[in-house]
Structures are given as structure tokens and as C-alpha cells.
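Below: the structure, in C-alpha cells.
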Amino acid sequence: MKALVYHGPGQKDWESVPDPRVIDSTDVIVQVDTTTICGTDLHILLGDVPAVEPGRILGHEAVGTVVEVGDAVSTLAVGDRVLVPAITSCGSCVYCRRQMPSHCQGVGGIGWVFGHLIDGTQAEYVRVPFGQTSLHRVPEGVTDEQLIFLADIFPTGFEMGVQYGGVKPGDVVAIVGVGPVGLAAVQTASLHGASKIIAVGRTWPRIKSALDLGATHGISTQDPDWLDQVMGLTDGLGVDVVIEAVGVPQTLEDAFRIVRPGGHVANAGVHGKSFTLPINDLWIQNITFTTGLVNGTTVPALLELLKAGKINPEAMGTHYFTLDEMLLAYDVFEHSGTHNCLKTVIRKA
Ligand SMILES: [Zn+2]
Ligand SMILES: [Zn+2]
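Structure below.
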């Protein structure tokens with residue numbers, strides 16, 4: 002088969018590799034019908050994730066069709082259409098039993114294994130460990146394009162942003178960073194009753210996307226008075242819940258500048274550097290700060306919301322490719338600003 006193989010920082014190719022096969026009895030082999038590229042894949046290509054070894058097939062999101070199952074798999078069969086989530090779950094380790102498969106001990110000690118510790122989904126086929134407890138059978142009448150972003154960015158924005166941020170009815174929520182994860186938080190903040198959803202971004206095309214997807218206010222940090230604009234929307238108090246969805250020190254520091262006493266800062270960004278926590282100011286502010294890797298435990302609920310038309314993950318897909326155009330898709334995604342690209346959708350030809 003063909004796959005996108007990482008060959009060390011800055012090096013990748015779409016090349017022929019052996020087909021995956023069932024190794025463990027709980028494995029499921031899935032034909033990849035649709036996949037995408039995550040910002041995390043770009044971090045890997047920059048060399049930011051040293052656990053990813055040269056020779057690894059990248060990618061951790063897919064919608065596909067089951068083509069083979071191991072002997073221990075009883076609830077999935079060849080031909081089933083499935084969502085391959087970013088996080089695999091053995092279903093029985095201490096973390097899976099606590100509904101926290103992000104730290105599943107089943108494969109390598111963390112739930113994110115695809116395109117990280119084992120071969121991933123940017124390929125024609127992928128081996129899914131613990132397929133029965135990891136894969137989601139998908140409902141009839143829902144398209145791949147609607148489903149693909151439920152593999153990672155949508156649950157990341159919802160779980161790490163809205164849920165960990167403790168959004169409750171009436172809250173003013175600010176989302177700092179309006180890339181794909183930020184926009185997923187924008188789309189799901191209203192599910193928990195946010196009264197205002199403030200999209201804080203840099204450039205207007207992205208802020209405009211946030212307004213189209215449910216943000217009630219948009220503010221650009223390029224405005225010198227952007228902090229005053231945020232405060233002006235909250236009677237000068239600051240916001241109840243700030244969701245950081247960029248992953249650089251500046252935006253996380255900004256999050257702590259706009260949160261009100263008693264509020265929450267929920268980190269959803271992928272960070273490569275530490276930041277300064279002004280604990281000398283914050284110790285008296287009753288702030289809760291959360292971090293986390295997505296669990297994907299809300300995927301069944303998000304599937305129901307999708308069927309009911311309450312969320313629109315398909316809106317994230319702006320650029321479409323076939324698997325053979327993988328390198329072109331990477332090029333566009335790496336220069337997403339130039340192409341006004343939010344997410345790529347990469348489909349079997
Ligand atoms: Zn991802
Ligand atoms: Zn587990």
C-alpha cells in the first residue's frame with residue numbers, strides 16, 4: 002500500500018510500504034476512506050515530538066471500512082464503516098476504567114499511539130489495536146466529511162476546552178485562538194449554555210469563521226486595545242472561562258490576563274515551550290487551570306449531536322484531496338494562512 006512516511010525532521014514521502022496485518026487478536030484492519038492532517042503532524046515534522054521515530058506512518062484521524070478482524074473481536078465485522086479516533090482504548094486498564102483513555106496503558110502507556118508510537122492513518126490501510134473498544138461504528142446517512150473531525154479536533158475542543166473549562170449556563174467564554182481546535186470549542190461552548198462566546202484571534206478571516214460558526218463576538222489581538230474590548234464585554238470583570246487553543250506562551254499568558262476571579266483557564270493548545278505563570282498575582286484569584294490530552298469519550302454524544310444537526314464539523318474542511326495528493330495536501334496545510342485553509346479532507350480516490 003501507499004502511506005505518508007516520516008523520515009526525520011523536515012523529511013517525509015508518500016511511498017510504498019507493506020500492508021498492515023493482524024498482529025494481536027484484538028486488532029482490526031481498517032481501509033482508510035478519509036483522513037486529514039493535524040497541526041500535531043506539523044509539530045512532528047518540525048522534530049518537536051522525538052518519540053516519533055523515522056519510518057513511522059503519520060496520521061491519527063480516519064473514517065474507514067473494516068477489512069479484517071482479529072479472533073477476539075466480536076462486535077465488528079468486515080464491511081463495517083467506522084470512525085478511527087485519535088485515542089485508542091484497551092477498555093480495561095486503570096485509566097480506561099476511569100474514562101481517561103488518553104492515558105491508556107494498553108499500548109505504550111498513552112492513548113495517542115497512531116502516527117506516534119505505531120503506524121498511523123495517512124495510509125491506504127491502518128492496524129487498529131483494541132479495535133472493539135476503540136473504534137466507533139458510524140450511523141447511516143452521515144458522510145465521511147461530517148465525521149472525520151470527530152476523530153480529534155472536535156472532541157479536543159469540547160473536552161479539553163468546554164468540559165475541562167467547566168462552562169456552565171450563563172458563562173462568558175473566550176476562545177483564544179481560532180484555528181480548528183478553537184473553532185471546535187466555539188461550536189460546542191453553546192452546548193453548555195455559554196451566554197457570550199468571544200473569539201479572540203489575530204487575523205480576520207479566521208475570526209470571521211468563528212462568527213459564522215457561533216461566536217457572538219470577535220476580537221483581534223492586533224488591535225492595541227483588545228484587552229479593553231474583552232473587558233468591555235464583561236462589565237470589566239473578565240471572562241468566566243478562557244479556552245487557550247493556540248499553544249504558544251503569549252496566548253496562554255493572555256488567557257490569564259482576561260480570566261475573572263473564580264474563573265477557569267482551560268488549555269487545549271499543543272505547547273512546545275514553557276510559559277510564565279504570574280502566581281504572585283494569581284494566588285489570590287481563585288483560578289482553576291486545566292490541561293489535558295483528548296480522551297474521545299464524548300464521541301458518541303458528538304455523533305448524536307451531529308445526526309441532530311446541532312454541530313457542523315464539516316465546516317472545518319476547506320480543502321479536498323485524494324490520498325495520492327497527500328504531499329500536496331501537506332503543502333497546503335503547512336501554508337494554511339496563504340491558502341485560507343482550516344483543515345484538509347483527504348479521500349480515497
Ligand atoms: Zn491531532
Ligand atoms: Zn486502557
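Residue numbers (the numbering used here): 2 to 350. Here a beta-carbon is modelled for each residue, glycine too, at the ideal position from N, C-alpha and C.
Residue range of the beta strand (DSSP E) that includes residue i
i, result
"residue 282", "Element bounds for residue 282: not the beta strand (DSSP E) but the alpha helix (DSSP H), 280-283."
"residue 209", "Not the beta strand (DSSP E): residue 209 falls in the alpha helix (DSSP H), residues 205-213."
"residue 197", "197-202"
"residue 84", "82-85"
"residue 345", "344-348"
"residue 218", "218-221"
"residue 14", "13-17"
"residue 297", "That residue, residue 297, is in no beta strand (DSSP E); it is neither H nor E in DSSP."
"residue 293", "From DSSP, residue 293 is part of no beta strand (DSSP E); its letter is neither H nor E."
"residue 318", "318-323"
Cβ-Cβ distance between residue i and residue j below 7 Å
i, j, result
"residue 168", "residue 242", "yes"
"residue 59", "residue 112", "no"
"residue 308", "residue 140", "yes"
"residue 126", "residue 21", "yes"
"residue 101", "residue 269", "no"
"residue 1", "residue 187", "Not covered by the structure: residue 1. The range shown for the chain is 2 to 350."
"residue 153", "residue 73", "no"
"residue 35", "residue 345", "no"
"residue 23", "residue 69", "yes"
"residue 85", "residue 149", "no"
Alpha helix (DSSP H) segment containing residue i, residue limits
i, result
"residue 134", "132-135"
"residue 3", "Segment 3-7 is the beta strand (DSSP E) holding residue 3; no alpha helix (DSSP H) there."
"residue 338", "337-340"
"residue 31", "Element bounds for residue 31: not the alpha helix (DSSP H) but the beta strand (DSSP E), 29-36."
"residue 311", "Run containing residue 311: none; DSSP gives neither H nor E here."
"residue 99", "From DSSP, residue 99 is part of no alpha helix (DSSP H); its letter is neither H nor E."
Which listed residue (the options) has its alpha carbon closest to that of residue i
i, options, result
"residue 177", "21, 59, 290, 253", "253"
"residue 61", "288, 305, 74, 151", "151"
"residue 301", "219, 83, 289, 95", "83"
"residue 48", "74, 65, 12", "12"
"residue 9", "32, 18, 30, 53", "53"
"residue 2", "117, 124, 45, 98", "124"
"residue 136", "249, 183, 332, 31", "31"
"residue 203", "194, 225, 192", "225"
"residue 158", "296, 235, 339, 335", "296"
"residue 233", "256, 199, 246", "199"
"residue 292", "285, 45, 272, 303", "272"
"residue 41", "182, 132, 240", "182"
"residue 103", "281, 26, 230, 156", "156"
"residue 194", "128, 215, 248, 14", "215"
"residue 192", "219, 57, 283, 164", "164"
Sequence-distant residues of its chain with Cβ nearer than 6 Å to residue i (five each side left out)
i, result
"residue 93", "none"
"residue 114", "89, 108"
"residue 97", "90, 91, 105"
"residue 340", "333"
"residue 319", "342, 343"
"residue 235", "173"
"residue 289", "265"
Neighbourhood of residue i by C-beta distance below 8 Å, restricted to the same chain and skipping five residues each side
i, result
"residue 213", "316"
"residue 323", "347, 348, 349, 350"
"residue 77", "29, 67, 70, 83, 132, 133, 136, 138"
"residue 79", "67, 68, 69, 70"
"residue 14", "5, 6, 8, 328"
Same chain only: Cβ atoms within 7 Å of residue i, ignoring 5 sequence neighbours per side
i, result
"residue 258", "228"
"residue 196", "171, 172, 173"
"residue 287", "262, 263"
"residue 312", "188, 189, 303, 306"
"residue 238", "261"
"residue 335", "43"
"residue 276", "250, 253, 254"
Can you list, in chain order, the stretches of the alpha helix (DSSP H) that have 4 or more residues and sit fully within the region 223-288? 227-233, 250-259, 280-283
Quick check for students: name the residue ranges of the alpha helix (DSSP H) that lie wholly in the region 38-92, counting only runs of 4 or more. As far as the region 38-92 is concerned, its whole alpha helix (DSSP H) runs of at least 4 residues are 40-46.
Could you pull out every unbroken alpha helix (DSSP H) segment of at least 4 residues lying fully inside the region 107-184, listed in chain order? 132-135, 145-148
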